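Novice:
Chains as they are written, first to last, in my numbering: chain B, 1 to 298; chain D, 299 to 595.
#1: Under 7 Å Cβ to Cβ from residue 123 (chain B), same chain only, skipping five residues before and after it: list those, please.
#2: Take the Cβ of residue 501 (chain D) as the centre, count every other Cβ of all protein chains shown within 10 Å, and call the residue buried at 16 or more, exposed below.
#3: Rounded to whole angstroms, what is the Cα-Cα separation between residue 271 (chain B) and residue 144 (chain B)?
#4: Tell me whether residue 506 (chain D) sits in a helix, a strand or coil according to DSSP, three-state version.
#5: Does the CB of residue 139 (chain B) have a neighbour CB from chain D at under 8 Å?
#6: Would you please state the rounded distance, in angstroms, between the beta carbons of residue 82 (chain B) and residue 74 (chain B)? I believe it to be under 8 Å.
#7: Where does the unbroken alpha helix (DSSP H) through residue 109 (chain B) begin, and where does it stop?
#8: Would DSSP call residue 103 (chain B) helix, strand or coil?
#9: On the criterion of 16 or more Cβ atoms from any shown chain inside 10 Å, does residue 325 (chain D) qualify as buried, or is it exposed?
#10: Does residue 342 (chain D) have its Cβ less than 8 Å from a Cβ in chain B?
#11: Buried or exposed: which applies to residue 173 (chain B), given that a residue is buried once 16 or more other Cβ atoms fall within 10 Å of its Cβ?
#12: Quick one: which unbroken alpha helix (DSSP H) runs of 4-plus residues sit fully inside the segment 474 to 500 of chain D? Chain order, please.
#13: Which term fits residue 498 (chain D), buried or exposed, when burial requires 16 or more other beta carbons within 10 angstroms of its beta carbon?
#14: Just how far apart, CA to CA, sit residue 68 (chain B) and residue 225 (chain B)?
#15: State the CB to CB distance for the pair residue 368 (chain D) and residue 338 (chain D), rounded to an integer number of angstroms; the pair is presumed to be in contact (CB under 8 Å).
#16: State yes or no: is the beta carbon of residue 466 (chain D) nearer than 8 Å to at least one beta carbon in chain B?
#17: Could I get the ranges of all uninterrupted alpha helix (DSSP H) runs contained in the segment 185 to 209 of chain B, with 4 residues as the minimum, in chain order?
#18: Taking Cβ positions only, does residue 384 (chain D) come closer than 8 Å to chain B?
#19: Would you list, in sequence order, the uninterrupted alpha helix (DSSP H) runs of no fewer than 4 residues that lie entirely inside the segment 363 to 411 of chain D?
#20: Compute the distance between the beta-carbons of residue 184 (chain B) and residue 79 (chain B), then report whether it is under 8 Å.
#21: Could you run through the segment 486 to 512 of chain D and flag, in chain order, every residue whose CB is less than 9 Å away from some CB of chain B?
#22: Cα separation between residue 5 (chain B) and residue 88 (chain B)?
#23: Comparing C-alpha positions only, which one of D:311, D:383 and D:430 sits nearest to residue 353 (chain D)?
#24: Per DSSP, which residues does residue 66 (chain B) bridge with? Please list them.
#25: Using the rule of at least 16 other Cβ atoms within 10 Å of the residue's Cβ for burial, across every protein chain shown, is residue 131 (chain B) buried or exposed?
#26: Using a Cβ cut-off of 7 Å, which residues of the segment 368 to 380 of chain D contact any Cβ in chain B, in chain order?
#27: Along chain D, in chain order, which residues have C-beta atoms closer than 8 Å to that of residue 144 (chain B)?
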């Protein structure tokens with residue numbers, strides 16, 4: 001069915017774990033896997049990148065494996081942004097993974113079902129298989145909706161993602177409009193700061209750009225109600241954007257029915273929203289920050 | 299008589315009540331001239347697969363109708379999705395349809411009533427649906443009809459042109475949600491309505507009927523009910539999907555008169571005396587009373 005785009009740089013161990021976990025999905029054998037391998041910035045990195053590149057040539061277990069070797073270093077943001085644009089040119093919809101993720105054996109099954117179900121829902125921009133929110137007892141669906149994207153194991157439709165303005169037109173206005181900055185924080189108080197830091201070049205996040213587009217257009221992401229993705233990257237020396245403490249630490253969960261139940265309309269559940277936001281609350285971020293400090297002092 | 303509307307029947311696991319439903323239908327006048335289209339939902343749990351199989355074996359043996367078409371779903375869709383998709387597909391081919399679930403017993407003049415009402419109200423844009431069910435209502439002649447703004451899901455009929463206009467995503471809800479006047483107005487047809495809609499929109503239930511009624515409310519449309527019910531629900535057993543507790547508050551007298559002539563009324567309006575009786579089955583007090591009763595059952 002839908003192809004997989006996998007972005008990697010210099011982390012061989014986590015990339016290997018990612019590929020092995022994907023191969024445990026029964027659907028892997030029917031999938032086209034397209035790998036985008038970023039180039040190194042210096043000699044020290046070059047060796048690691050070469051190791052990664054010789055490994056990806058050996059990958060089997062998929063319907064096909066295609067490798068895109070970047071000739072110069074694009075950075076984690078533009079390797080992904082361009083990769084998404086390239087995928088959107090060629091395919092109708094696709095699944096996106098990065099080299100520090102491990103997926104559950106239900107991951108591809110869930111993504112395929114969700115991509116099929118929500119294809120014509122204009123409001124649903126992306127689909128996420130990562131979830132850290134515990135569902136309220138009476139909630140009946142196998143996905144919920146949030147006005148925030150997730151970069152860890154997601155999928156999208158080309159006709160929707162092609163519309164994204166990755167260069168963030170209107171950013172100057174945004175940075176001088178307190179009301180809009182406040183509104184952007186409605187689904188997590190970390191977002192405005194993240195966008196500001198991205199805009200001034202402090203960090204190289206690509207996903208906040210997608211978030212901003214989603215916010216401007218009033219779109220949603222459909223999240224799996226069970227977690228099907230783990231992030232392996234927090235303890236790696238070679239990680240690009242994540243260091244140390246992972247406030248989203250969760251385990252795999254299983255969907256135990258043979259059919260998935262997706263709603264035919266957008267539901268917004270206030271208690272899910274509350275739980276969703278609390279993970280990105282100031283309090284939780286202070287813990288993350290304190291953890292980083294303690295690591296530096298050691 | 300022109301060609302009667304097709305009968306669309308939704309079934310899942312209840313063979314015993316399904317057989318009662320089919321037998322009662324087959325005993326109807328018009329049955330032999332009506333197309334029967336059945337949607338059989340797939341099993342939700344592995345343990346239910348044998349029962350679904352049994353149902354499907356039985357379905358193939360049904361006789362007594364002009365034609366029989368069976369749609370077997372390989373996946374479990376749930377009732378709401380089955381009905382929305384199933385009725386939509388039938389109404390692409392037919393101008394109207396009569397819809398039943400597998401736990402409803404019909405009187406022998408049910409099909410006549412539904413078909414005559416469909417013909418009579420076809421040109422009346424104020425009427426969204428025909429209901430075969432009615433709670434016990436006093437003060438009406440036995441062949442008369444009355445109007446409500448709450449369509450019943452127990453034996454009903456609708457036209458393709460009305461059905462295709464329904465917004466199942468309830469976009470109007472965003473506006474409705476913050477308007478307490480509208481909410482209490484929606485509750486005029488039963489104090490459970492607004493809460494049910496809220497639960498639907500927050501993902502705690504999946505009901506096609508509350509969305510149907512919400513559309514009816516938004517556009518100020520009416521349902522036609524018979525003074526004496528042509529439908530009785532026998533589904534309050536442990537196997538039913540959406541009716542979780544024992545309830546007698548919806549009990550009705552099933553029409554035994556076999557009348558074929560009905561006094562349809564072209565002037566559509568709400569009669570307060572009748573609405574009072576109609577909604578009393580859905581007042582909070584009635585719901586608490588019957589929930590308590592069900593505990594001791």
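From the three backbone atoms N, C-alpha and C, an ideal C-beta is built for every residue, glycine too. This one's a predicted model, so the numbers in the text were calculated from it and none came from an experiment.
Specialist: With the given structure in hand:
#1: Sequence index remark: in the first chain, residue 123 (chain B) carries index 123 (1-based). If we look at residue 123 (chain B) and ignore the five residues flanking it on each side, its Cβ neighbours are 219, 220 and 266.
#2: The residue you call residue 501 (chain D) lines up with position 203 of the second chain. With 16 or more other Cβ atoms within 10 Å, it is buried.
#3: On the first chain, residue 271 (chain B) is found 271 positions in, with the first residue counted as 1. On the first chain, residue 144 (chain B) is found 144 positions in, with the first residue counted as 1. Taking the straight line joining both Cα atoms gives about 11 Å.
#4: In the second chain, counting from the first residue as 1, residue 506 (chain D) sits at position 208. Reduced to three states, the DSSP call for residue 506 (chain D) is helix.
#5: Within the first chain, numbered from 1, the residue matching residue 139 (chain B) stands at position 139. Yes, because at least one Cβ of chain D sits closer than 8 Å to the Cβ of residue 139 (chain B).
#6: Mapped onto the first chain, residue 82 (chain B) falls at position 82. Mapped onto the first chain, residue 74 (chain B) falls at position 74. Rounded, the Cβ-Cβ distance is 6 Å, consistent with contact.
#7: Counting from 1 along the first chain, the entry for residue 109 (chain B) is found at position 109. Looking at the DSSP string, the run of the alpha helix (DSSP H) that includes residue 109 (chain B) is 107 to 117.
#8: The count along the first chain starts at 1 and reaches residue 103 (chain B) at position 103. In the structure shown, residue 103 (chain B) sits in a strand (DSSP, three-state: E or B).
#9: Taking the first residue of the second chain as position 1, residue 325 (chain D) is located at position 27. The residue is exposed, with fewer than 16 neighbouring Cβ atoms inside 10 Å.
#10: Looking up residue 342 (chain D) in the second chain gives position 44. Yes, residue 342 (chain D) counts as interfacial toward chain B.
#11: Residue 173 (chain B) sits at position 173 when you count from the first residue of the first chain. Exposed is the call here.
#12: 478 to 484 and 491 to 499
#13: What you label residue 498 (chain D) is simply residue 200 of the second chain in a count that begins at 1. The residue is buried, with at least 16 neighbouring Cβ atoms inside 10 Å.
#14: Position 68 of the first chain, counting from 1, holds the residue named residue 68 (chain B). Position 225 of the first chain, counting from 1, holds the residue named residue 225 (chain B). Residue 68 (chain B) and residue 225 (chain B) have their C-alpha atoms some 33 Å from each other.
#15: Position 70 of the second chain, counted from the start, is the residue given in the question as residue 368 (chain D). Position 40 of the second chain, counted from the start, is the residue given in the question as residue 338 (chain D). Right, the Cβ-Cβ distance comes to about 6 Å (below 8 Å), so this counts as a contact.
#16: The sequence position of residue 466 (chain D) within the second chain is 168, counting from 1. Yes, residue 466 (chain D) counts as interfacial toward chain B.
#17: DSSP runs (the alpha helix (DSSP H)) wholly in the segment 185 to 209 of chain B: 191 to 199.
#18: To locate residue 384 (chain D), count along the second chain from 1; it is residue 86. Answer no: the Cβ-Cβ gap between residue 384 (chain D) and chain B never drops below 8 Å.
#19: Entirely contained in the segment 363 to 411 of chain D, the alpha helix (DSSP H) runs reaching 4 residues are, in chain order, 377 to 391.
#20: Stepping through the first chain from its first residue, residue 184 (chain B) is reached at position 184. Stepping through the first chain from its first residue, residue 79 (chain B) is reached at position 79. No. Outside cutoff.
#21: 497, 498, 499, 500, 501, 502, 503, 504 and 509
#22: The residue you call residue 5 (chain B) lines up with position 5 of the first chain. The residue you call residue 88 (chain B) lines up with position 88 of the first chain. If I take the Cα positions, the gap works out to 11 Å.
#23: To locate residue 353 (chain D), count along the second chain from 1; it is residue 55. That would be D:311, whose Cα lies nearest to the Cα of residue 353 (chain D).
#24: For the purposes of this step, residue 66 (chain B) is taken as residue 66 along the first chain, with counting starting at 1. The partner list for residue 66 (chain B) (beta bridge, DSSP) reads B:34.
#25: Position 131 of the first chain, counting from 1, holds the residue named residue 131 (chain B). Residue 131 (chain B) should be labelled buried.
#26: 373, 374, 376 and 379
#27: As a working mapping, residue 144 (chain B) is identified with position 144 in the first chain. The answer, in chain order, is 501.
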